[in-house]
Every structure is written in structure tokens, then in C-alpha cells.
Amino acid sequence: MSGWEDAGARLAGGTASLVSLWGERGRVHAALLEGDSVEHLALDCPDGRFPSLGRVHAPAIRLERAARDLYGLEPIGLPDMRPWLDHGPEPTAYPFLPVEGENLHQVPVGPVHAGIIEPGHFRLTCDGETVVRLEERLGYVHRGVDRLMEGAELDWAARLAGRISGDSTVAYALAFARAAEQAIGCAPPPRAVWLRALMAELERLANHLGDIGAISNDASFGLMQAHCAILRERVLRVSDACFGHRLMMDCVLPGGTACDLSAEGAALLRALVGEVRTRFAPLVNLYDLTASLQDRTVGTGILRPELARQFGAGGYVGRASGRDFDARRAPGYAPYDVLAFEVPVLAEGDVNARVWIRIKEIEQSLRLVEQLLDALPEGSIRSEVVADTGEGMALVEGFRGDVFVWLRLDAGRVVHCHARDPSWFQWPLLETAIEGNIVADFPLCNKSFNCSYAGHDL
Amino acid sequence: MRKTLQQGLLRAALSEPPPTRIDDPAVITLARTLDGAAQRTLGRSLSLRTVDAGSCNGCELEINALNNAFYDLERFGLRIVASPRHADVLTVTGPVTHNMRQALERTYHAMPHPKWVVAVGGCARDGGMFAASPLCAGGVAAVLPVDLWIAGCPPTPLALLSGLLTLLRRPSSGGPPRGR
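As C-alpha cells, this is what we get:
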């Protein structure tokens, strides 16, 4: 008990940040990041109750609401006891927080949106055109991943992990594989470790290219979108040619990878790096020199650095607001320890900064792909995976931020698996970033965060 | 910007020819006979509304890709619209979660008649990996009348294009409509 309450004090005091908090039957878990290491805590709650960490550390609130919905655990002292992922029999009956004041009106958006995006509900309270409060309601794509994981065969569970958030399928599959390998003490062959990193960087490239185009498009600058979409498609096609799937689903498995890279594949990748480099540079210029676009992105949707730090916001959201964290560097994992790359950090925290972090990360990913190809080890691509028992966890830097997976295996089957998307700590920050902006800039802010609905809703 | 636009004009078009086999049974399954009704009503124009009913967002990425220069959806008369009121076809992804079921039904009912439903991807077909979840309906057909299934996890843009063009094909001619 004291370790749990001490964790609350460390989180509230800012010496540690929350990596995740999750439940299982009769037990609650938390993972904390302090310095460069991740620490796992578990607290038995035989009476189904535990002291809330959300009481002293706001980033834990939604995770505790979810643990309550999924496993019936009661967080004692939790300030917000509304259900979160469980929408109950009547989904429209949800008590939104009251908003009081003169001349306010509300704009409900979603769950079905105008574009081709995932479902979620946004309740915007506005004074004229200015948003004074945004409240999110998520959980629409809650599929019951936790329960499906229970008792699943390892390979099936790995495939399911790759479908928690499709845009980060490599990151999830990698986090799951690394956690499973830790649990059973299996070391993947060096070639597989490098191939995984190659896939992860391709995934980052494709998503960042797509995002930069989509953000520009939400500022009505379709030209950028058209060009970025071409580059994104090139990356997906080369991924398909090299690994047999455009998004590289099911390519990373516990013990290694499902597919090897041929010499032709490596040549395609080198050509791709050259093409993206040549074509992307003028687009960056175009982004930077188009005044009408800059007018929309600079100074819009500012996320304050202290909030990014408090919430432990990962990815471009955190790094655009001064949080210098990248799971590839620290805690770190192979092969990034022997590769040269920079982690861009900016302090402005606006839409423009989140675009620029992506731009710089594209350049870094291209560098990484080259280094990975230059020194790709020879050998096998999969180690034998024995049906063993144990616990493991892993933190992997996806394009959106750090993906965390914790699991327990028993004789080769999953007993429990928890996956935490970076969006858990980014969604709440979107609510603050939009404050004081105009309604028309909400899509722009939302796209610059590009949080995952599926990854969050599980 | 002028330079980018000029270069764009001088470079050859990236758009690729439409898929030649548009009724590949490995990819597309007609749940109901279309008997030319869709083709007669729709002519060469089709407005699509997409609802994510529990997808992992992989299908959304590939549907979005239909708008890029390589596939250029709109040259076939296919358009993705913002409101169900403007739509002829509802494309649905995901296993239909309990939490999205009502929103999906409301979207369908908001569409004018006649209307068609296309289930996109393995989850929409039979729940996919989420078939055993008590929180999912196990596919679109459990909730709405499905006219067409497009297979894949996620379906490639080419598979999506083949499937959607099936709705526009005239039964007599057999071939795909010509893209412009």
C-alpha cells in the first residue's frame, strides 16, 4: 500500500510521470517513468477498491475511469466517477460537465464526422466564435481488446495487438513482441531487431507525411495534401514490396519478424529515401513560405509546456511543447543504441511546432533507414518461442508517441495484456489547447494532435 | 508556390488505369443481387458516406488513399460526401461496436432511398479478430442490410476501387466504366 501512495506523491510532486494505470481482476497496476527507467507497481485489491491516483494526479483520471468500467475496481477518491469506455444501454445519456455563463452556446460534433476519420464526440462550448471549453467523449470504438487477449495464443494475441490502432500497427506489434520476449526470456536474432526498426521508421515516415498533408488540408491548402499523399503512397508501396503488406501488419512477431528483406527490397528502400528527400524539401519550403497557411498554423492551439510535462505527453505533441522525451533514446532499445539520430524539440507548442517536429522527424527517419540498410546484420529472422510463463513490459516509440505494453503469459498463452496508446495523455491536452481558439480551427488543432480513437478506446 | 504548380503541370499524370478485374470473387462478394438497379439509378455517379463502426483505423487509411493522385477516385464519378443526406452508398468499417451501433443506424436512416451498404474489410464482414467480443455485433450484416463486401485487412485501395466500381458497372457490358 505504501508503495502505491508513494507513487501518488511522486507523480503529484512531478518527479515521476505516469506511463499507465490499468486493472485486472482483483488487482490494479501502474507504471511510472522516473529518470530513464520504467517502474511497474501492482496493488492487490481483494475488496475491489484502491486509492485513486487521479485524486492527486489528473492524468490518471481517465485511466482509472476505464479500469472501473472494465474490471469493476473502485478508485477511492476519484474526482470523476462517470463511466468512460462503457456507454451503457443508452449511449446518448451521458452527463456532460455543466457550463455556465452568459451568451454561451454549444456545438456538438460527432461521433460520425464529416471526413473519413474515427468516431468520437466533441462538445464545444462557445462564446461567439471563440471556444471556451471543449469536452471530449470517447469510447465509441471500444471493442473489448483486454478481454479478447485473456487466454489467447501468443501469435493470435500478437496479431490482435497489431490491430489496436492500425496506423501504429508496427509499433504495437513491436511493443507486444518485446514484452512477450522479456516475459519468456527470448532474444530475437539481430537481423530481426534491425528489420523491426526499419519497419518502424517506414511507419513513422508514412504517417508523418500523411499528417503534414492532412493538417495543411484542414487549413484549406490542398496542394500540400496532394503532394504529401503521393509521397505517403510511395512509402506504402515500397513497404508492400519489401514486407508484403502496405501497413506492415503481422510483420513483427514475438521472437522476430515474419518476413525478410531481399536485396531488391533494400534497393527499393534506398531509391525511396532518395525520392522522398528530393521531393520533400521543396514541400517544406512551400509550407514555410505560404503566408496564408502560416497564418492558420502559427500561434494556433497552443499547448503549455507545463501541461505537456505533467501529462507526460509523448510524440510530437510533447516534443512541440518542450518535453524532451523519445523512448528510442531513453529508456531506449536495440538497435537505436548504435544508431545516430536527433530528437527535435520545440517550445512554442502551437500547430506549427507540431508540424515542424514531424518535418524534422521525417529527416531523421530517412537518416535511420539509410543507417539500418548500411549495417543490416545477416542471419535468421526468428528465434524459437517457447511456451513459457512470466511477465514483461515494453515501451516503443511509435509515430504518435510512446506505446506501452504490459503482459503476463502462462505456458504460452496470454493471461492478461494491457496496451496503452500515447493518445491517453494527448486527448485531455487537446481540450486545453483549443481554449480561446475559434471553432473553425478545431479541425486543425485536432489533426495536429492526430490522437488515435481506436488505440484509446481499446 | 508558383514553381511547385509549374512542376506539377509539366510532370506526367500519376493516375493509374482502373482495375481490370472488377468482380474478383476473392476480393468482392455480392451479398444481394444488384440486378442493374444500382447501375440504372446511379448512372456514373455515386456519393459515398463512410462510417467507422469500430475499425482499428487501418481501413480509414486506405479509404483515404483513394483520394490520392494514384487512385483519383473522383475521375470515376465516385465522391465521398460529408453528410448521409447526400449519400447513395454507406461504406462501413469495423465489427460494429455496441457503442457505435446506434450512431450507425441513425446514419443509415438519415440517407435517402434508394441506398446501398458496402461492408469494408474483414471486421465488417464477420467481426474479424473481434468476432468473439460480446461488445461487438460481429459484422455489419448483423445491423444493416449489406449489398457488397470488400475483403482485406485492410482492403488495398485497388480492392476498394474494384468493389465500388461493381456498383456502377452495367450488367450487360461487363467491363469497368472508363475513367477520365
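Just so you know, the sequences run in chain order A and B.
Our numbering numbers the first residue of the first sequence as 625 and each following residue consecutively.
Our numbering numbers the first residue of the second sequence as 216 and each following residue consecutively.
Glycine residues also receive a C-beta, built at the ideal position from the N, C-alpha and C atoms.
To which residues does DSSP link residue i through a beta bridge?
| i | result |
| --- | --- |
| Asp1026 of chain A | A:Glu1021 |
| Arg264 of chain B | B:Leu305 |
| Thr244 of chain B | B:Trp364 |
| Leu657 of chain A | A:Ser641, A:Val662 |
| Ile295 of chain B | B:Leu263 |
| Ile685 of chain A | DSSP lists no partner for Ile685 of chain A. |
| Phe674 of chain A | A:Pro699 |
| Pro732 of chain A | A:Arg747 |
| Ile1062 of chain A | A:Thr754 |
| Val652 of chain A | A:Gly647, A:Leu667 |
| Trp331 of chain B | B:Val304 |
| Val876 of chain A | A:Thr881 |
| Asp710 of chain A | Partner(s): none; Asp710 of chain A has no beta bridge. |
| Gly1036 of chain A | Answer is none; Gly1036 of chain A lacks a bridge partner. |
| Gly205 of chain B | Only positions 216 to 395 of chain B appear in this structure, which leaves residue 205 of chain B out of reach. |
| Glu1015 of chain A | A:Arg1032 |
Quick check on the DSSP output: the alpha helix (DSSP H) that includes residue i runs from which residue to which?
| i | result |
| --- | --- |
| Phe800 of chain A | 793-808 |
| Ser840 of chain A | 814-842 |
| Thr219 of chain B | 217-225 |
| Phe1066 of chain A | 1066-1073 |
| Asp770 of chain A | 769-773 |
| Ala776 of chain A | Here Ala776 of chain A belongs to no alpha helix (DSSP H), and DSSP marks it neither H nor E. |
| Val979 of chain A | 975-998 |
| Cys271 of chain B | Per DSSP, Cys271 of chain B belongs to no alpha helix (DSSP H) and is neither H nor E. |
| Arg858 of chain A | 846-867 |
| Arg933 of chain A | 929-934 |
| Ala1078 of chain A | 1077-1081 |
| Gly942 of chain A | 939-943 |
With a threshold of 7 Å on Cβ separation, who are the neighbours of residue i within its own chain once the five nearest residues in sequence on each side are excluded?
| i | result |
| --- | --- |
| Ser989 of chain A | Glu825, Arg828, Leu829 |
| Val358 of chain B | Val311, Arg316, Leu319, Glu320, Ala352 |
| Tyr796 of chain A | Ala785, Gly786, Ile788, Ser789, Val1027, Ala1043 |
Here's a check: name, in chain order, each residue in its chain whose Cβ is nearer than 6 Å to the Cβ of residue i, leaving out the five neighbours to either side.
| i | result |
| --- | --- |
| Thr308 of chain B | Asp267, Ser270, Cys274, Val335, Gly336, Ala339 |
| Arg689 of chain A | Trp708 |
| Cys883 of chain A | Phe867, Gly868, Cys875 |
| His1042 of chain A | Trp646, Trp1030 |
| Gly923 of chain A | Asp974 |
| Arg815 of chain A | Pro1001, Gly1003, Ile1005 |
Here's the rule: buried if 16 or more other CB atoms are within 10 angstroms of the residue's CB, otherwise exposed. What is residue i?
| i | result |
| --- | --- |
| Gly725 of chain A | exposed |
| Leu376 of chain B | buried |
| Gln730 of chain A | exposed |
| Arg226 of chain B | exposed |
| Pro719 of chain A | exposed |
| Pro360 of chain B | exposed |
| Gly378 of chain B | buried |
| Arg290 of chain B | exposed |
| Asn976 of chain A | buried |
| Glu1021 of chain A | buried |
| Ser840 of chain A | buried |
| Ile1005 of chain A | buried |
| Arg870 of chain A | buried |
| Thr639 of chain A | exposed |
| Gln849 of chain A | buried |
| His328 of chain B | exposed |
Hey, quick one: how far does the beta strand (DSSP E) through residue i stretch, first residue to last?
| i | result |
| --- | --- |
| Ala915 of chain A | Ala915 of chain A -> not in any beta strand (DSSP E); alpha helix (DSSP H) instead, spanning 915-921. |
| Gly647 of chain A | 641-648 |
| Leu748 of chain A | 745-751 |
| Thr322 of chain B | First-last for Thr322 of chain B: 313-324, but that is the alpha helix (DSSP H), not the beta strand (DSSP E). |
| Cys338 of chain B | Segment 337-341 is the alpha helix (DSSP H) holding Cys338 of chain B; no beta strand (DSSP E) there. |
| Ala1057 of chain A | Unbroken run through Ala1057 of chain A is the alpha helix (DSSP H), 1051-1057; no beta strand (DSSP E). |
Leaving out five residues on either side along the sequence, give the residues of the same chain with a beta carbon under 8 Å from the beta carbon of residue i.
| i | result |
| --- | --- |
| Glu231 of chain B | Phe285, Tyr286 |
| Asp693 of chain A | Pro707, Trp708, Leu709, Asp710 |
| Ala1064 of chain A | Glu753 |
| Pro743 of chain A | Gly734, Pro735, Val736, His737, Tyr764, Val765, Tyr1077 |
Along chain C, which residues have their Cβ under 8 Å away from the Cβ of residue i?
| i | result |
| --- | --- |
| Ala738 of chain A | Given the protein chain composition of this structure (A and B), no chain C is represented. |
Exercise for the section: Check whether the region 903-912 of chain A touches the region 817-831 of chain A, taking contact to mean three or more Cβ pairs, one atom from each stretch, closer than 8 Å. Expected result: Taking a cut-off of 8 Å on C-beta distances, the region 903-912 of chain A does not touch the region 817-831 of chain A, as fewer than three cross pairs fall below it.
Problem - Touch test, the region 924-941 of chain A against the region 1050-1066 of chain A, Cβ-Cβ under 8 Å, three pairs minimum - result: The region 1050-1066 of chain A and the region 924-941 of chain A touch, with three or more beta-carbon pairs separated by less than 8 Å.
Practice task
Could you say if the region 1009-1016 of chain A and the region 951-963 of chain A meet the contact criterion of at least three C-beta pairs nearer than 8 Å?
Solution key: For the pair of segments examined, the region 1009-1016 of chain A was found not to touch the region 951-963 of chain A: the number of CB pairs separated by less than 8 Å stays below three.
Exercise for the section: Decide yes or no for the touch test of the region 323-335 of chain B against the region 289-303 of chain B: beta carbon pairs closer than 8 Å, at least 3 of them. Expected result: The answer is yes - the region 289-303 of chain B touches the region 323-335 of chain B, with three or more Cβ pairs under 8 Å.
Exercise for the section: Would you check if the region 780-791 of chain A and the region 220-238 of chain B touch, i.e. whether three or more CB-CB distances between them fall below 8 Å? Expected result: Inter-segment contact for the region 220-238 of chain B and the region 780-791 of chain A is absent: fewer than three beta-carbon pairs are separated by less than 8 Å.
Handout entry: Contact the region 878-887 of chain A vs the region 793-813 of chain A: 3+ CB pairs below 8 Å
Key = Touching, per the Cβ criterion.
Practice task
Evaluate contact between the region 1063-1079 of chain A and the region 1036-1049 of chain A, counting only Cβ atoms and requiring at least three cross-stretch pairs below 8 Å.
Solution key: Cβ pair count under 8 Å is three or more, so yes.
Exercise for the section: Determine contact between the region 883-900 of chain A and the region 841-851 of chain A, defined as no fewer than three beta-carbon pairs at a distance below 8 Å. Expected result: No: fewer than three Cβ pairs fall under 8 Å.
Exercise for the section: Decide yes or no for the touch test of the region 980-998 of chain A against the region 774-787 of chain A: beta carbon pairs closer than 8 Å, at least 3 of them. Expected result: Touching, no.
Handout entry: Segment contact, 8 Å Cβ cut-off, at least three pairs: the region 1032-1040 of chain A with the region 656-675 of chain A
Key = With a cut-off of 8 Å, the region 656-675 of chain A and the region 1032-1040 of chain A do not count as touching, because too few Cβ pairs lie within range.
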